[in-house]
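Scroll down for the structure; my scribbles are underneath it.
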Amino acid sequence: MKLFGIFGIFGIIFITQVSCHSVNYHQPKGIIEDLIPTEYQKNPFTQQNVEITKKVYGFKYKFSSPSNEWFEWKWKYKRVETNEMIKKFGMPQSIFEPFQATKKNVRLRNQAIKRSFFKEEGSKLYPDFNRMIPFYMGFTSPLYALTIKTLGKDSTPRERVEFLLRFVQDIPYGIPPTHSNSKVISGILSPPQIFIEKWGDCDSKVLLLSSILAHEPRYKILLVYLEKHLLMAFEGRPHPNDSFIVFQGSKFILADPTGPAHLKLGRPGPDFNGQFKKIEPLQITSLDRRIPHYVSRLIKVNKVKSPTN
């Protein structure tokens, strides 16, 4: 866990981070910073490719399914718009500077925190997943469409969750830095930045998987905060031996998308011992489930030969 102090007349406020264990092109407006992960790990045979042109990010990800079949997904984003929206997340360095606590300054500071997709709880600042997920959901609409195209419209909700859980787990694991693009990001990557960087940690992958599944109204999703880890849970009927929690009278099945281990739905691993610090339900509206102009509707699924045969 990493803490950052913010000094002002009101004292110190802390930001916490949940820790989990060449192409030539023109530089467009709003270029994003390349990041270096720590504790990088990657599953063998998986592939993550990003083709960068002046106008477009083109993605090609190869991964294994729960039935050990192999697939390749392709999709695209408009580059300039994507870079600008990635840079919306993160607090400016000015938040850390001393300030005179007048009503105007406090109001401006609070607005800056909100614009940065952070929230204040007591004396601490946290990334606000309930605001980040609706904002970045447009970027995951191709992933939801790819899931339906791969599994078919008759696939069950559990089959879709299990398939996407494996897809996200096969994205390499790495812990992001605390700063990106001259802003404090508290070790979190937004969904489009995960795909561009080609890795993510537990927090970032929970954000990613939640934002994909949130396109389907039937999925009720919880964020489950542990001491040094973040899980998610989905409302549903648990299978025998599934780990689940009861929230407001309903059962939610636990999932850990961190990877690289292929932990199955309902098997969150040793970090969960039945205890958690906090549960946060996600709040998604129908207006959030739209396909924005900066995301291409052209997607492609290829079933590929298993590299182990």
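Every letter in the sequence shown is one number past the one before it in the working numbering, and letter 277, counting from 1, is 293. A virtual CB, placed ideally from N, CA and C, is assigned to each residue, including glycine.
Check: Ser266 (DSSP reduced to helix, strand or coil); Outcome: strand
Check: Interface flag, Asp272 vs chain B, CB-CB below 8 Å; Outcome: Here there is only one protein chain, and chain B is not present.
Check: Simplified DSSP assignment, three categories, for Leu205; Outcome: coil
Check: Pro297 - partner residues in DSSP beta bridges; Outcome: Leu238
Check: Validate contact between the segment 305–322 and the segment 250–258 using beta carbons, cut 8 Å, 3 pairs; Outcome: no
Check: C-beta atoms of Pro323 and Trp86 nearer than 8 Å; Outcome: yes
Check: Proximity of Phe105 and Phe211 at Cβ, strictly below 8 Å; Outcome: no
Check: Where Pro192 falls, given that 16 or more other Cβ within 10 Å makes a residue buried; Outcome: buried
Check: Backbone secondary structure at Leu225 - three-state DSSP; Outcome: helix
Check: N- and C-terminal bounds of the alpha helix (DSSP H) containing Gln127; Outcome: Lys119 to Arg131
Check: Assigned secondary structure, Thr69 (DSSP; H/G/I helix, E/B strand, else coil); Outcome: coil
Check: Presumed contact (8 Å Cβ cut-off) between Gly252 and Ile269, rounded CB distance; Outcome: 5 Å
Check: Three-state secondary structure (DSSP) of Pro173; Outcome: helix
Check: Residue burial classification, Arg123 (beta-carbon count within 10 angstroms, cutoff 16); Outcome: exposed
Check: Cβ neighbours of Leu229 in the same chain (closer than 6 Å, five flanking residues each side left out); Outcome: Tyr235
Check: The segment 54–66 contacting the segment 189–204, beta-carbon criterion three pairs below 8 Å; Outcome: yes
Check: Beta carbon of Phe79 nearer than 8 Å to that of Arg182; Outcome: yes
Check: Alpha-carbon spacing of Leu167 relative to Arg176, whole angstroms; Outcome: 7 Å
Check: DSSP-derived helix/strand/coil call for Gly74; Outcome: strand
Check: Sequence-distant residues of the same chain with beta carbon closer than 6 Å to Glu67, five excluded per side; Outcome: Gly74
Check: Cut-off 6 Å between Cβ atoms - residues of its own chain near Asn65, not counting five sequence neighbours on either side; Outcome: Lys76
Check: 6 Å Cβ shell around Ile201 - same chain, five flanking residues per side excluded; Outcome: Gly106
Check: Where Leu172 falls, given that 16 or more other Cβ within 10 Å makes a residue buried; Outcome: Reading off the sequence, residue 172 comes out as Thr, not Leu. Counting Cβ neighbours within 10 Å, Thr172 comes out exposed, since fewer than 16 surround it.
Check: For Asn59, the nearest candidate out of Val222, Phe288, Trp215 and Arg283 (CA to CA); Outcome: Trp215
Check: Three CB pairs or more closer than 8 Å across the segment 263–283 and the segment 237–249; Outcome: yes
Check: Boundaries (first-last residue) of the alpha helix (DSSP H) holding Leu246; Outcome: Segment Leu246 to Glu251 is the beta strand (DSSP E) holding Leu246; no alpha helix (DSSP H) there.
Check: Chain-order list of residues whose beta-carbon lies under 8 Å from that of Ile48 (same chain, five-residue window excluded); Outcome: Asn99, Ile102, Lys103, Ser196, Asn197, Gln209 and Ile212
Check: Residue burial classification, Gln109 (beta-carbon count within 10 angstroms, cutoff 16); Outcome: exposed
Check: Alpha-carbon spacing of Ser340 relative to Lys71, whole angstroms; Outcome: As displayed, the chain neither begins before 17 nor continues past 325, which places residue 340 out of reach and without an answer.
Check: Check whether Phe263 and Ile237 have beta carbons under 8 Å apart; Outcome: no
Check: Span of the alpha helix (DSSP H), counted from its first residue to its last, around Pro60; Outcome: Where Pro60 is concerned, there is no enclosing alpha helix (DSSP H), given that its DSSP letter is neither H nor E.
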